[in-house]
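This note's numbering numbers the first residue of the sequence shown as 1 and each following residue consecutively.
The C-beta atom is built at its ideal place from N, Cα and C for all residues, glycine as well.
Data first, discussion second: the structure below is written as structure tokens.
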Amino acid sequence: MALFGVGGLRILKKFILVGAVGFLLTAWGGCQVPGFFPIEPSPEVAPTTHIFVISIDGLRPDALKVANTPHIDKLREQGAFTPRAQTVLPSRTLPAHTSMLSGLKVEKHQVETNTYHDEMGYFSFPTIFTKAKEQGLSTAFFANLHFFRFLANPRDVDKMEFPESERRAYKYIFRPLGERATHHIRSSKPALLFLHLAQVDGAGHAYGWMSKEQIDMVEVVDRQVGQVLEAVKAGGIWQNSYFIITADHGGHEKGHGTSLPEDMTIPWLICGPNIKKGYEIEGQVHVYDTAATVLYILGIPIPEDWDGRPVIEAFEMPLSSEVGLLQKRCIEV
Numbered sequence: 001m002a003l004f005g006v007g008g009l010r011i012l013k014k015f016i017l018v019g020a021v022g023f024l025l026t027a028w029g030g031c032q033v034p035g036f037f038p039i040e041p042s043p044e045v046a047p048t049t050h051i052f053v054i055s056i057d058g059l060r061p062d063a064l065k066v067a068n069t070p071h072i073d074k075l076r077e078q079g080a081f082t083p084r085a086q087t088v089l090p091s092r093t094l095p096a097h098t099s100m101l102s103g104l105k106v107e108k109h110q111v112e113t114n115t116y117h118d119e120m121g122y123f124s125f126p127t128i129f130t131k132a133k134e135q136g137l138s139t140a141f142f143a144n145l146h147f148f149r150f151l152a153n154p155r156d157v158d159k160m161e162f163p164e165s166e167r168r169a170y171k172y173i174f175r176p177l178g179e180r181a182t183h184h185i186r187s188s189k190p191a192l193l194f195l196h197l198a199q200v201d202g203a204g205h206a207y208g209w210m211s212k213e214q215i216d217m218v219e220v221v222d223r224q225v226g227q228v229l230e231a232v233k234a235g236g237i238w239q240n241s242y243f244i245i246t247a248d249h250g251g252h253e254k255g256h257g258t259s260l261p262e263d264m265t266i267p268w269l270i271c272g273p274n275i276k277k278g279y280e281i282e283g284q285v286h287v288y289d290t291a292a293t294v295l296y297i298l299g300i301p302i303p304e305d306w307d308g309r310p311v312i313e314a315f316e317m318p319l320s321s322e323v324g325l326l327q328k329r330c331i332e333v
């Protein structure tokens, strides 16, 4: 009492009381109390969105009715699907994948054959990898065929794997590329990963489209899709992940490239947060809509000159125009 005096003690008690109230209010919600230094709660960091685009080369939609594909079937149950999507003409691998990853029709990108030589350099138009990298996102590209190098500029792709040459491509098709991709998913958790699987197309050229041998390869590829799903779960990113599964073209007899419906019609499937469950897409989807849908999910502006448009019909509610917010969680497969 002698140390503070009566007035000093009264002031000290008031300071202690007000300080305690301020502490409790701050602890109860980061409230800002007038007369106190504001203590703002740490802003929540939005979870990274992950997108996995899997292209099954040469897959016809009707093959999914014949083959035993439990992993793809489960994604269909938990996502949106159309068996009537259309590829580009000519219905060949490199032209179609160029459209798939650049959002452009063949008339714009001018890639009309599978011919590629290293001296040709890289594709000159921006791709989904270009746009993702501009936003500082991690990217990965795994493909079975040598000419995919054309679409994977090292400036835009952090991790890539291809056969060393066209002569080694056939053997490379049967290498465990899916295992390499799944290892990368577990270790690096990329924001955007593209995986090309060529076994179905290879069997079609060798034995014919819809042959028993090709259907067997569809089942092999489905198991690789299952490996990707398990890797995403093991990596702890399932709740924030989208999957797009499609094809570059179909085929008839032992070839493709024509305007026949068997060549042009492809499956298109999407599963993830905010995607309608067990829904069949009614509108027409094109292979180049894949690129626009990827950017839409990531919240990246879609270039005005792109022909592709996001498949809005597949979403339960529109995503933010600025950020691909996760509105809902995908039911775990």
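I think aspartate 248 touches threonine 87, with their Cβ atoms under 8 Å apart; what is that distance to the nearest whole Å?
-> Residue mapping note: residue 248 aligns to position 248 of the sequence shown, counting from 1. Residue mapping note: residue 87 aligns to position 87 of the sequence shown, counting from 1. Correct: roughly 6 Å between the Cβ atoms.
From glutamate 77 to glutamine 135, what distance separates their C-alpha atoms?
-> One-based indexing of the sequence shown puts residue 77 at position 77. One-based indexing of the sequence shown puts residue 135 at position 135. If you take the alpha carbons of glutamate 77 and glutamine 135, they lie about 32 Å apart.
Roughly how many angstroms lie between the CA atoms of proline 70 and proline 267, to the nearest whole one?
-> Here residue 70 refers to the residue found at position 70 when the sequence shown is read from its first residue. Here residue 267 refers to the residue found at position 267 when the sequence shown is read from its first residue. Taking the straight line from one Cα to the other gives about 16 Å.
Below 6 Å CB to CB, which residues in the same chain sit around glycine 257 once its five sequence neighbours on both sides are set aside?
-> Working through the sequence shown from its first residue, we reach residue 257 at position 257. Correct list, in chain order: Pro90, Ser91 and Arg92.
DSSP three-state assignment for isoleucine 275, whether helix, strand or coil = Here residue 275 corresponds to residue number 275 of the sequence shown, with the count starting at 1. Reduced to three states, the DSSP call for isoleucine 275 is strand.
State whether the region 268 to 287 contacts the region 310 to 318, with contact taken as three or more CB pairs (one from each stretch) at a distance under 8 Å.
-> yes
Pull up the distance between the alpha-carbon of phenylalanine 315 and that of alanine 143, whole angstroms please.
-> Numbered from its first residue, the sequence shown carries residue 315 at position 315. Numbered from its first residue, the sequence shown carries residue 143 at position 143. Each residue's Cα considered, the two are about 28 Å apart.
Taking three-plus beta-carbon pairs below 8 Å as touching, is the region 199 to 208 in contact with the region 225 to 239?
-> Fewer than three Cβ pairs drawn from the region 199 to 208 and the region 225 to 239 lie within less than 8 Å of each other, which leaves the two stretches out of contact.
So the alpha helix (DSSP H) tyrosine 207 belongs to, where does it begin and stop?
-> For the purposes of this step, residue 207 is taken as residue 207 along the sequence shown, with counting starting at 1. 199 to 207 is the extent of the alpha helix (DSSP H) around tyrosine 207.
Whole beta strand (DSSP E) runs in the region 124 to 150 with 3 or more residues, listed along the chain?
-> 139 to 142
8 Å Cβ cutoff met for valine 287 and serine 99 | On the sequence shown, position 287 is the one that residue 287 refers to. On the sequence shown, position 99 is the one that residue 99 refers to. In contact: valine 287 and serine 99 (Cβ atoms closer than 8 Å).
Out of curiosity, what's the CA-to-CA distance linking alanine 132 and phenylalanine 123?
-> The residue you call residue 132 lines up with position 132 of the sequence shown. The residue you call residue 123 lines up with position 123 of the sequence shown. Straight-line Cα distance between these residues: approximately 16 Å.
Quick one: is proline 273 buried, meaning 16 or more other Cβ sit within 10 Å of its Cβ, or exposed?
-> As a first step, residue 273 is located in the sequence shown; it is residue number 273 there, counting from the start. The residue in question, proline 273, is buried, as its Cβ has 16 or more Cβ neighbours within 10 Å.
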